[in-house]
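Participant: One structure is given below, represented as structure tokens, and several questions about it will come after.
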Amino acid sequence: MIEEQISLVRERLAATKSLVVLTGAGISAESGVPTFRGDEGLWKTYRAEELATPQAFQRDPQLVWEWYQWRRGLIAAKVPNAAHEALVGLEQTIIQFQLITQNVDGLHAKAGSRNMLEMHGNIWKMRCTHCGVKTEDHSLSLPALPKCSECDSLLRPDIVWFGEAIDGKHLEQSLSACQNHEVMFVIGTSGVVQPAASFASIAKEAGVFVVEINPAPSLSGLADVTLSGKAAEVLPQLGF
Ligand code: APR
Numbered sequence: 262m263i264e265e266q267i268s269l270v271r272e273r274l275a276a277t278k279s280l281v282v283l284t285g286a287g288i289s290a291e292s293g294v295p296t297f298r299g300d301e302g303l304w305k306t307y308r309a310e311e312l313a314t315p316q317a318f319q320r321d322p323q324l325v326w327e328w329y330q331w332r333r334g335l336i337a338a339k340v341p342n343a344a345h346e347a348l349v350g351l352e353q354t355i356i357q358f359q360l361i362t363q364n365v366d367g368l369h370a371k372a373g374s375r376n377m378l379e380m381h382g383n384i385w386k387m388r389c390t391h392c393g394v395k396t397e398d399h400s401l402s403l404p405a406l407p408k409c410s411e412c413d414s415l416l417r418p419d420i421v422w423f424g425e426a427i428d429g430k431h432l433e434q435s436l437s438a439c440q441n442h443e444v445m446f447v448i449g450t451s452g453v454v455q456p457a458a459s460f461a462s463i464a465k466e467a468g469v470f471v472v473e474i475n476p477a478p479s480l481s482g483l484a485d486v487t488l489s490g491k492a493a494e495v496l497p498q499l500g501f
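The sequence shown stops at residue 501 when you use the numbering used here, and every number in between is there.
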């Protein structure tokens, strides 16, 4: 069954000039990065929703930084998998290609993806809570409370937390990409966090051909084709 669907998608891709791809934590699962809502999604006893908020950071910045230091350490050793690499192949083949990721792990960039929007930010970037200066820092031994080199105020991860707005330009570009490509892939996202959770239906309404790739599909009937499987197994079969 899945072979037939893979052939269908392969044929569709061969005839398409534009592809938009939305990815979530599932695409990095086979690199060993735990998803947020899977069995390994907890850190100590905390769920992401309890720590990735401005309120949690205000209450206990050290705890939130401790969680990010743990995640940075975990991610630093990981490498892109066959799914990240297949998307690089697609980008090199299809004339118009846009990748939108909710992931902050930087693995798409590490694989070589170029035309990419990291809509939730990047775990290797930090921002000053006072002067707003942004820095990129890959250190795995940050101080418990990292400080801004310009004004000595507290730094925070440059990540969009629950309750915070996506950068307006990123949102506009993402929405436009979802509406203006012929085909959309939705890979490895549970579709519970807005606004990304609406992107597939926005694309569908605009007449885009939607393909979901996920071992536990989340688009419930919206996708034109559902490839039920792991991203790193399914994507390479598309032949790019
Ligand atoms: N290949 C493809 N998909 C997979 C794989 C795999 N190997 N393994 C798991 N999945 C799917 C799961 O079935 C699930 O649908 O990946 C999805 C992971 O869902 P979440 O953990 O909820 O991750 P995501 O949708 O990216 O979360 C969105 O929530 O916590 C916030 O900001 C954080 O960006 C994150 C956002």
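Glycine included, each C-beta is placed from N, C-alpha and C at the ideal position.
1) Please name the residue, chosen from ALA372, ILE384 and GLN266, that lies closest to GLU327 on a Cα-to-Cα basis.
2) Can you tell me whether DSSP reads LYS408 as helix, strand or coil?
3) State yes or no: is the C-beta of ALA309 nearer than 6 Å to some heavy atom of the ligand APR?
4) Does the count of Cβ pairs from the region 350-357 and the region 315-332 closer than 8 Å reach three?
5) Which residue's Cα is closest to the Cα of LEU504: LEU416, ALA458, CYS409 and LYS465?
6) Can you tell me which of GLU265, SER279 and ILE267 puts its alpha carbon nearest to the alpha carbon of ALA438?
7) Applying the 10 Å Cβ sphere with the 16-neighbour rule, what's the burial state of THR306?
8) Report the three-state DSSP secondary structure of TRP326 (helix, strand or coil).
9) So what does DSSP say about GLN498, is it helix, strand or coil?
10) Is the beta carbon of LYS386 closer than 7 Å to that of ASP419?
11) Have a look at the DSSP bridge pairing and note the partners of ILE361.
12) Is TRP331 helix, strand or coil by DSSP?
13) Suppose contacts are defined by Cβ-Cβ distances below 7 Å. Is ALA290 in contact with PRO341 by that definition?
Facilitator: This is what the structure holds:
1) Locating residue 327 in the sequence shown gives position 66, counting from the first residue. Restricting attention to ALA372, ILE384 and GLN266, the CA atom closest to the CA of GLU327 is found in ILE384.
2) Walking along the sequence shown from the start, residue 408 turns up at place 147. The answer is strand: DSSP assigns LYS408 an E or B state.
3) Here residue 309 refers to the residue found at position 48 of the sequence shown. Yes, the Cβ of ALA309 comes within 6 Å of a heavy atom of the ligand APR.
4) Verdict: no, contact absent.
5) Nothing can be reported for residue 504: it is not among the residues displayed for the chain, which extend from 262 to 501.
6) For the purposes of this step, residue 438 is taken as residue 177 along the sequence shown, with counting starting at 1. Ranked by how close their Cα comes to the Cα of ALA438, the residues GLU265, SER279 and ILE267 have SER279 in first place.
7) Within the sequence shown, residue 306 is the residue found at index 45, counting from 1. By the 10 Å Cβ count, THR306 comes out exposed.
8) Within the sequence shown, residue 326 is the residue found at index 65, counting from 1. In the structure shown, TRP326 sits in a helix (DSSP, three-state: H, G or I).
9) Along the sequence shown, one-based indexing puts residue 498 at 237. Correct three-state label for GLN498: helix.
10) As a position in the sequence shown, residue 419 is number 158, starting the count at 1. As a position in the sequence shown, residue 386 is number 125, starting the count at 1. Yes, the pair counts as a contact, with Cβ atoms nearer than the cut-off.
11) Position 100 of the sequence shown, counted from the start, is the residue given in the question as residue 361. Beta bridge pairing from DSSP links ILE361 with LEU283 and LEU378.
12) For the purposes of this step, residue 331 is identified with residue 70 of the sequence shown, where counting begins at 1. The answer is helix: DSSP assigns TRP331 an H, G or I state.
13) For the purposes of this step, residue 290 is taken as the residue at position 29 of the sequence shown. For the purposes of this step, residue 341 is taken as the residue at position 80 of the sequence shown. If you check the CB distance, ALA290 and PRO341 do not come in under 7 Å.
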